[in-house]
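To keep things clear, I will list the structure first and then write my remarks on it.
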Amino acid sequence: MFEPDIAKKDSSQNIKYSKSKIWWGKVNHFIKELIRCRTAFLGAIIVLFFILVAILAPFIAPHDPLKASIINRLRPPYWMDRGSIDYLLGADEIGRDILSRIIYGTRISIMVGLITVGISGFIGTLLGSFAGYYRGRFDAILSRFADFLLSFPYLIFAIFLMSIVGPGFFNLIVVLCFKSWVNFFRLSRGEMISEKTKEYVEAAQVLGESDIKIIFKEILPNIIHSIIVLATLRVGYFIILEASLSFLGLGIQPPTPAWGSMINAGRDYMLSSWWVSTIPGIALLILVLSINLFGEGLRDILDPRLKLE
Amino acid sequence: MKGIKILERISLAIPTMLAIAIFVFILMRIMPGDPVDKMMGKSGNVSIEEVQALEKEFHLDLPLFEQLKIFINGILHGDLGLSFQERRPVWDIIIERFPATIELALGALIFSLIVAIPIGVISAVKQNSLIDRLGMAFAFLGISAPAFWLGIIFIIIFAVNFNILPVYGRSTFAYKPIHITGMYVLDSVLSGNWLALKDSLMHLILPSISLGAAQAAVITRILRSSMLEVLRADYVTLARTKGLSEYIVITRHALRNALIPTVTVVGLQIGELLGGNMIIETIFGWPGLGRLVVTSIFSRDFPVVQGSVMFYALIYVTANLIVDILYTYLNPRTTL
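Here the protein sequences line up with chains A and B, keeping their order.
For the record, in the first sequence the residue sitting at position 150 is 150 according to my numbering, with numbers rising by one throughout.
For the record, in the second sequence the residue sitting at position 177 is 177 according to my numbering, with numbers rising by one throughout.
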């Protein structure tokens, strides 16, 4: 298990090189735990695979994801009649290769997930840490605002905002971040409030350390693990949200390949060509499932308090 | 004392609603796209006088602040304005659509409870058994699968390949029950129209499952973990040593207490079910509030969007409020 308090005590008593030793020990221990929890390990491997696919998209995609071809219009996957090995997962309504579009679509999904969580996690944690440490009016205003943002369902909120700012990658990120920082804010604020009463914080205060140093050097390392767990689990959530918005035509716009809009495009051909909608959905399911498996494993390892047996 | 606390909670909900109203209003006004243009559609040949008359009718000629005053004043008097598109009160449109949304949400909720309670309880009682592992695997799938994709898969499987369930709308035209509550299933029962009942139930199945799958997964997991906790409690051991049958111990002693955290989650889910249904309603052509919002956004029907988002917020706030209050009765130790 992670024991940050003990690690801290050790690192402050010893000299520098042992600090890196402890850090390495932690990483080593973490990887061991991850492998022990087989499902989480599997999740991590698949997520890594998707990330690799996203990075290497131009090299591994068999076709240009935007290139239409009338002859191959609605060509079924290769294991069906009329299928061809050239179009492994079939082609869509204007003859674009579905596999290549899925490969490029991975980029959008992973980028939206990571960037949104990165930005909102950073902002939320920063604001939450200050609010929880200082309390007072700053905290009161932010907390009220957070409650307000939580007072209506996220999907309608996102649809509503997207229709105002218009579709597009940048707008999507802004709209998703607009509310998602709240989760990180509330988590870090709560943790900060409970950590602040502990002895090591009081000790640091008595020693005359600055507030900024106490927040970032003393407390944050002790609460960062629950924030990391939340962040991991949120990535999957945002990937689904992005797909939902793109599905409604409010997120990433065609012809850019995004899984949500691919699923939507296939709706018109559901009766005759099931693969156009189904296959991008399977990719989405596998990615989100793996992220969640990894996230829950991570939680069991880093934050056993929250374990759902 | 408790009564005062409850009143306090209710009074806190009012400023929240007001803030939402202002927020929604401001956002709607900065949206690109002129509503009068949209209203005229492609009819062309519209004189400036006509445009001005329309602007006047919908108060679009007044300064923003005046418009806001009219809007808030209207809300307080239960008047949400006129729809740009349909030229009739928004309130009427919402009330007309709302039963369909409730029916779908209830369908999804009932589906998720029917699935979640047995699986959750059995998984906990037979922890680490095959049933437990399968149940948890399904719950995990349910959480990770996007609802809109599930809906499409169901349409492909049940409508296209097997042709056993309808996938569009709420009823076949000929079987539409007479209007009593607006919820077709309930109306058919009340009017004793069994053909209509069968028809509307058939229409309800697929959208309910698509919408309820994720909720079922969430509820299963929460119920299982709280059952596991409760089953280790001293009073359960006591009940067992008293010689009560395992069935009684589980249903009367364990489940009852395990339901407390579950009720909270279910309550929050009701808000989500009512508020997260735009996509499912769009896919299944379900004429509810969610679809109304989506179509109104695309046609820039300001008053309808404003009204429905407000209505959604109201439901959400109320659902959470009711859960809080219910919670204090189920678990007397908590204070609001």
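Ideal Cβ placement from N, Cα and C applies to all residues, glycine included.
**Prompt:** Looking at chain B, which residues of the region 260 to 275 of chain A have a Cβ within less than 7 Å of any of its Cβ atoms?
**Reply:** Ile263, Arg267, Met270, Leu271, Trp274
**Asked** Does the pairing of the region 139 to 149 of chain B with the region 286 to 293 of chain A give three or more beta-carbon distances under 8 Å?
**Response** Segments in contact, yes.
**Item:** is_contact[Ile51/A, chain B] using C-beta, thresh 8 Å
**Value:** Not a single CB atom of chain B sits nearer than 8 Å to the CB of Ile51/A.
**Request:** Kindly identify the DSSP beta-bridge partner or partners of Ser84/A.
**Result:** In the DSSP output, where bridge partners are listed per residue, Ser84/A has Tyr87/A.
**Request:** Give the straight-line distance between the Cα atoms of Phe154/B and Ser244/A, rounded to the nearest whole angstrom.
**Result:** 17 Å
**Asked** So who's on the other strand from Pro89/B, going by DSSP bridges?
**Response** Leu82/B
**Item:** Proximity winner among Asp147/A, Ile239/A, Met270/A, Gly128/A, relative to Ile223/A (alpha-carbon distances)
**Value:** Gly128/A
**Prompt:** According to the neighbour-count rule (16 or more other Cβ atoms, all chains shown, within 10 Å of its Cβ), is Pro15/B buried or exposed?
**Reply:** So Pro15/B counts as exposed.
**Request:** Would you check if the region 192 to 204 of chain B and the region 156 to 176 of chain B touch, i.e. whether three or more CB-CB distances between them fall below 8 Å?
**Result:** yes
**Message:** Closer than 8 Å between beta carbons: that is the criterion. Which residues of the region 125 to 152 of chain A meet it against chain B?
**Reply:** Asp147, Phe148, Ser151, Phe152
**Request:** Quick one: list the residues of chain B neighbouring Val27/A, beta-carbon separation under 8 Å, in chain order.
**Result:** Those do not exist, as Val27/A stays about 27 Å from chain B at its closest Cβ, beyond 8 Å.
**Message:** Any beta carbon from chain A within less than 8 Å of Gln63/B's own beta carbon?
**Reply:** Checking the sequence, you will find Pro at residue 63/B rather than Gln. No, Pro63/B lies away from the interface with chain A (no Cβ there is under 8 Å from its Cβ).
**Asked** Does any C-beta atom of chain B lie closer than 8 Å to the C-beta of Val174/A?
**Response** no
**Request:** Whole angstroms is fine: what's the gap from Arg82/A's alpha carbon to Arg75/A's?
**Result:** Distance between the alpha carbons of Arg82/A and Arg75/A is about 7 Å.
**Asked** Using 8 Å as the Cβ pair cut-off and three pairs as the minimum, do the region 111 to 122 of chain B and the region 282 to 301 of chain B touch?
**Response** no
**Chain-order list of residues whose beta-carbon lies under 8 Å from that of Asp5/A (same chain, five-residue window excluded)** = Interpretation of Asp5/A is limited by its pLDDT of 49, a score under 50 that renders its predicted location unreliable; the figure taken from the coordinates is listed afterwards. Hits under 8 Å: Tyr200, Asn222.
**Rounded separation between Asn320/B and Ser246/A - CA only** = 29 Å
**Item:** Separation of Ser188/A from Ile214/A, as counted between CA atoms
**Value:** 15 Å
**Request:** Measure from the C-beta of Trp286/B to each C-beta in chain A and report whether the shortest distance is under 8 Å.
**Result:** no
**Asked** Relative to the C-alpha of Ala204/A, which residue among Lys217/A, Met192/A, Gly251/A, Ser194/A is closest?
**Response** Lys217/A
**Asked** What do you reckon, are the CB atoms on Ile110/A and Ala54/A nearer than 8 Å?
**Response** yes
**Request:** Determine the direct distance from the alpha carbon of Ile103/A to that of Leu66/A, and round the result to whole angstroms.
**Result:** 12 Å
**Request:** Count the other CB atoms, across all protein chains shown, that sit within 10 Å of the CB of Met192/A; report buried if there are 16 or more and exposed otherwise.
**Result:** buried
**Message:** Alpha carbons only, please: which of Arg87/B, Arg29/B, Gly120/B, Ile325/B is nearest the one belonging to Ala217/B?
**Reply:** Gly120/B
**Item:** 7 Å Cβ shell around Leu161/A - same chain, five flanking residues per side excluded
**Value:** Val175, Phe178
**Message:** Can you find the residues in the same chain that come closer than 7 Å, C-beta to C-beta, to Tyr269/A, ignoring five residues on each side of it along the sequence?
**Reply:** Leu74, Glu93, Val276
**Asked** For the alpha helix (DSSP H) that His253/B lies in, which residues bound it at each end?
**Response** Run containing His253/B: none; DSSP gives neither H nor E here.
**Item:** One or two residues paired with Asp324/B in a DSSP bridge
**Value:** DSSP output for Asp324/B lists no bridge partner at all.
**Request:** Report buried or exposed for Arg291/B, applying the criterion of at least 16 other Cβ atoms within 10 angstroms of its Cβ.
**Result:** buried
**Prompt:** Ile322/B to Pro207/B, Cα distance in whole Å?
**Reply:** 26 Å
**According to DSSP, residues forming a beta bridge with Asp187/B** = DSSP lists no partner for Asp187/B.
**Request:** Could you have a look at Asp268/A and say whether DSSP puts it in helix, strand or coil?
**Result:** helix
**Message:** Helix, strand or coil for Asp61/B? Go by DSSP, reduced to three states.
**Reply:** coil
**Message:** Please identify the residue among Leu273/B, Pro166/B, Asn161/B, Pro261/B whose C-alpha is closest to the C-alpha of Ala213/B.
**Reply:** Leu273/B
**Asked** Taking C-alpha atoms, which residue in Ser123/B, Thr264/B, Val185/B lies nearest to Gly228/B?
**Response** Note that residue 228/B corresponds to Leu in the displayed sequence, not to Gly. Ranked by how close their Cα comes to the Cα of Leu228/B, the residues Ser123/B, Thr264/B, Val185/B have Ser123/B in first place.
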